[in-house]
Each structure stands twice: as C-alpha cells, then as structure tokens.
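Just below is one structure, and these are the notes that go with it.
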Amino acid sequence: MNAATITTNTFQVSRGGTPVIGSVSYISLSHVAIFQPSVPLALNTVYAVTLITGIQTATGTPLSANVTWTFTTTSGIPVLADGMNIYYGDLHNHTSYSDGMGLPVDAFATARANGLDFFALTDHSQLLTDPEWQDTLNRADAATVDNAFVGLRGFEYTNLKGHVNVLDTATYVSHTDPNYDTFEKFYPWIGSQATAIGIFNHPIKTPLRDWNFNDWAFNAQATSRISLRGTPPYPANQYLLSLSTGWYLGAMGSADEHEIEWGRYRFMGIIAPQLTRTAVLDALRARRTFSIDDWRFGLAMRANGYWMGAIIPPASTISFTIVVVNQDPKALLTTLMLYDNGVLVSMVAPFTTDALYTWTPTIQGTPGHFYYVKAYHDNDIASPAAYTSPVWMADTTSFNHYLPMIQNNSVP
Ligand SMILES: [Zn+2]
Ligand SMILES: [Zn+2]
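My numbering puts the first residue of the sequence shown at 228, with every later residue one more than the last.
Below, the structure written as structure tokens:
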C-alpha cells in the first residue's frame with residue numbers, strides 16, 4: 228500500500244455516526260494499518276470502521292469502493308478464580324536478525340496490532356550479533372506497556388538434536404561455540420542462569436528431523452530452568468514422552484514465525500493476575516500455560532486448588548476444576564479428556580458453544596503421577612487438540628525439591 232494514503236481521513240472509526248478521535252499508522256512490511264484512539268473505547272459499544280477510496284496501493288490503484296464494518300467492544304476475558312485472567316501470546320518468532328524477515332520494531336508493533344497480549348522474539352543465536360541482541364531488548368522494552376502489551380527478548384539455541392528457546396537472560400550462547408556445542412554443555416549453562424526460562428521447541432523424531440533432545444534425556448541441572456514445551460503442529464506423542472522422562476514441562480504452542488505475520492495466530496495462553504512483564508514471566512516459570520491451535524479458546528485447570536503447572540502435595544483423591552473460555556460463538560467445544568500419566572481416566576462431551584464451560588471431575592490421586600486435560604473443539608479447521616499444562620502429584624523427593632514452585636502456585 229501507499230502508506231501516505233492511509234490517514235485519519237481515509238481510515239475512520241465512529242460511534243453512532245460521531246467520529247472517534249485518534250491517530251492512524253501503517254506498518255509497510257507486514258501490511259497492517261493501526262487506528263489508535265486518543266482515549267480508550269467505551270465498553271459494550273458498537274463502533275463502525277470505514278476505509279475510504281482515497282486509499283491506494285503502492286502503484287496508485289485506489290480502493291474501488293468504501294469498505295465498512297462494525298465491531299462491538301467487550302469487557303474482555305472473564306476473570307477466573309483468584310482474580311486471574313487469560314492472556315494470549317507467542318514465544319517463538321524470528322526477524323532478519325536471523326533467518327526471518329523485518330526488524331524487531333516491525334515485529335513487536337505487528338504482534339500487538341494483531342491482538343496478542345505478549346510476544347517474544349527468539350532469533351537463532353548462531354546468526355545474532357551483539358548490537359542486534361541489544362536492539363531486540365530495546366525494542367521489546369519500548370513496545371511494553373503495562374496492561375496493554377508485553378514484549379520479550381530471547382534467542383533460539385539451534386542444536387542438531389533439537390532447538391531450545393531461552394528467555395530472560397543477559398547473554399546468548401550458540402551451538403557454533405565449542406563451549407556450547409552439545410546439550411551436555413548447554414544444560415549446565417542454562418541451569419546457571421538465575422532467571423532463564425527454557426522452552427523445548429517443536430519436538431519431533433523422524434529420519435529427517437531428529438529434534439527430540441536425545442530422546443528427552445533428563446538433565447538435573449537444566450530441569451529447574453527449562454519449563455515449557457511447544458506442541459502443535461509436531462507429533463502429540465512427544466508431549467507424553469517428554470513428561471515420562473522426568474521433565475516438568477508446561478504446554479504451549481507457537482508460530483515459529485519466519486515471515487511477516489507476527490501475532491496473527493494464537494497458539495498459547497497464560498493464566499496471570501495482570502499483564503505486566505513480571506506477571507508474564509512468573510506465569511511462564513510456574514507453567515500456568517495452555518496450548519491451542521489458533522482458536523479463540525482458553526483452557527484453565529486447577530487440581531485440589533492448585534493451578535496447572537504446580538507440583539501438588541500427595542493426596543488420595545484429586546478434585547479438578549477445568550474451565551473453558553470460548554470466544555467464538557460459532558465454535559463447538561466437543562470433548563474434554565483427563566489423563567493420568569497418559570492414560571485416559573475421565574471424559575465429558577459437552578457439545579456446547581457457551582462462552583464459559585466448567586467441568587469438575589474427581590479421580591484417585593497417585594504420588595509421582597502427572598495429570599493433564601486435552602480438549603477438542605469443532606471449528607472450521609481440522610479440530611486439533613488443546614492441552615493444559617500438567618499438574619504433578621509429588622512423591623517426597625520432588626515435593627521437597629519443588630517447594631518454592633508450589634508456593635508460587637498455591638491458592639488454597
Ligand atoms: Zn527451531
Ligand atoms: Zn525458530
């Protein structure tokens with residue numbers, strides 16, 4: 228588009244025929260136009276948007292007719308127990324600082340304009356320079372506005388045996404450095420980074436792509452820092468495998484965006500009390516996460532009062548509260564399945580389009596087991612599953628080891 232033709236004269240927002248005052252900008256690289264109102268829009272109110280024929284393509288072809296649509300503002304996502312909210316984001320994205328497109332300034336602006344609440348850039352570390360690493364942080368900081376958007380900086384450690392994203396560290400390391408060219412060398416490094424959050428990316432094991440971290444070989448030094456694991460579109464069996472080998476990993480998905488559609492799709496959400504950088508990072512460390520596959524869909528689970536992601540004290544029974552938030556009135560929540568160490572132990576088939584659905588199964592508890600919920604949703608695409616992070620019922624050893632994490636997640 229010809230950016231000079233996209234202005235407050237040609238991109239108009241109104242309420243009951245009265246123009247809304249604001250400013251208009253256009254991100255040329257990702258073809259996103261943004262209207263920023265001068266004051267927040269009113270709740271539960273219908274607004275109209277009109278694009279005027281003065282808008283032109285880069286080669287001067289005008290819009291053939293005005294385009295108008297309406298939208299209704301809402302008060303946002305329902306508040307869950309303990310004043311918690313659901314926020315949506317993406318923690319795996321690239322720019323031209325490695326093998327993607329554009330610059331961090333474009334990526335953060337586009338992700339926010341596309342409606343994400345938080346967004347991380349994670350360029351491949353072997354292609355990063357120090358000035359690029361610094362610029363990524365500067366842009367993440369500049370993009371962060373409390374209770375509106377959180378920008379994060381990370382990097383992708385790209386080992387032959389699998390890729391790990393790392394957030395919230397001062398430095399970056401690469402597999403091309405002989406000091407970090409194997410997981411045996413990388414794991415102690417990430418274990419020594421006081422605030423690091425590690426994410427096992429796109430696990431898969433095929434003759435072409437052997438990316439499941441040496442069959443999820445457990446590492447005691449890394450386990451306190453690597454706390455999440457990406458799921459779709461890679462094989463779901465890797466989810467169970469990763470949990471069966473002793474890692475405590477929360478569920479998330481990501482776009483792994485290498486082009487210009489940063490934030491266009493939704494693959495994960497978090498449960499957090501507010502939208503600040505600290506609150507987002509705390510939620511990731513506590514594994515209060517769920518994975519989705521581009522649904523307007525939230526999935527939250529508590530077990531004996533603890534949020535998903537927690538290691539819970541031993542008990543003979545577990546009472547779950549599973550809440551599904553459905554923001555797409557045309558999409559049907561079909562099935563919820565509860566798994567104990569990967570074995571289906573309870574399910575329900577609500578077939579509902581309700582905005583809020585709650586399921587409260589109670590099952591037997593077994594120390595040392597993990598529990599998660601898988602959900603199916605019948606929308607236009609091929610109905611893949613959504614996952615909660617697990618809760619783990621502690622045995623004595625792990626309960627002591629993870630006591631601080633339990634307290635973070637404690638709600639009773
Ligand atoms: Zn990768
Ligand atoms: Zn990547």
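Glycine included, each C-beta is placed from N, C-alpha and C at the ideal position.
Report the rounded CA-to-CA distance for residue i versus residue j, giving the unit in angstroms.
i      : j      : result
Asn636 : Ala537 : Interpretation of Asn636 is limited by its pLDDT of 37, a score under 50 that renders its predicted location unreliable; no figure is taken from the coordinates.
Val247 : Ala513 : 41 Å
Ala530 : Leu565 : 12 Å
Asp622 : Thr593 : 9 Å
Lys412 : Ala231 : 52 Å
Tyr315 : Met620 : 27 Å
Phe626 : Leu511 : Note that Phe626 scores a pLDDT of 46, beneath 50, so its modelled location is shaky and nothing firm can be said.
Ile233 : Ala527 : 40 Å
Asn406 : Gly473 : 26 Å
Asn236 : Pro577 : 48 Å
Trp586 : Ala369 : 41 Å
Tyr629 : Ala260 : At Tyr629 the pLDDT is 43, less than 50, meaning the model places this residue with poor confidence and gives no usable figure here.
Leu307 : Ile487 : 33 Å
Thr403 : His351 : 11 Å
Ala613 : Thr286 : 43 Å
Gln465 : Asp309 : 32 Å
Thr385 : Ala367 : 22 Å
Val572 : Leu387 : 37 Å
Assuming contact is defined by CB atoms lying nearer than 8 Å, are residue i and residue j in contact in what I supplied?
i      : j      : result
Tyr598 : Val618 : yes
Trp443 : Ser481 : no
Gly378 : Thr349 : no
Thr371 : Arg504 : yes
Ile549 : Leu563 : yes
Gly457 : His485 : no
Phe517 : Gly532 : no
Ile453 : Val391 : yes
Thr272 : Thr299 : yes
Ala558 : Asp605 : yes
Pro556 : Thr580 : yes
Ile426 : Leu318 : yes
Asp333 : Phe376 : no
Thr277 : Thr295 : yes
Pro588 : Phe524 : no
Gly342 : Gly490 : yes
Shortest alpha-carbon distance to residue i belongs to which of the options?
i      : options                        : result
Met574 : Thr561, Gly243, Ala582, Thr580 : Thr561
Asn196 : Gly569, Leu502, Tyr614, Gly595 : Because the chain spans 228 through 639 in this model, residue 196 falls outside it and cannot be assessed.
Ser323 : Leu355, Tyr399, Phe345         : Leu355
Asp509 : Thr297, Ser265, Thr422         : Thr422
Thr615 : Val507, Gly477, Trp522, Phe547 : Gly477
Met320 : Thr385, Phe346, Arg339, Thr297 : What sits at residue 320 in the sequence shown is Asn, not Met. It is Phe346.
Pro267 : Leu256, Tyr253, Thr284, Gly249 : Gly249
Arg515 : Trp522, Phe524, Ala499, Gly525 : Ala499
Return yes when the C-beta of residue i is under 7 Å from any heavy atom of ligand 1, and no when it is not.
i      : result
Glu486 : no
Ala429 : Rather than Ala, the amino acid found at residue 429 in this sequence is His. Yes, ligand 1 has a heavy atom inside 7 Å of this Cβ.
Leu483 : According to the sequence provided, residue 483 is Asp. The question's Leu does not apply to it. Yes, the beta carbon of Asp483 sits closer than 7 Å to at least one heavy atom of ligand 1.
Arg411 : Checking the sequence shown, residue 411 turns out to be Glu, not Arg. Result no, Cβ not under 7 Å from ligand 1.
Thr385 : yes
His402 : no
Please indicate yes or no: does the CB of residue i lie closer than 7 Å to some heavy atom of ligand 2?
i      : result
Glu359 : no
His596 : no
His390 : yes
For ligand 4, is there a heavy atom less than 7 Å away from the beta-carbon of residue i?
i      : result
His319 : This structure lacks ligand 4; its bound ligands are ligand 1 and ligand 2.
Buried or exposed: where does residue i fall if 16 or more other Cβ atoms within 10 Å of its Cβ makes it buried?
i      : result
Gln263 : exposed
Arg436 : exposed
Gln239 : buried
Leu216 : Missing from the structure shown is residue 216; the chain here goes from 228 to 639 and no further.
Pro331 : buried
His258 : exposed
Ala449 : buried
Asn446 : buried
Asp395 : buried
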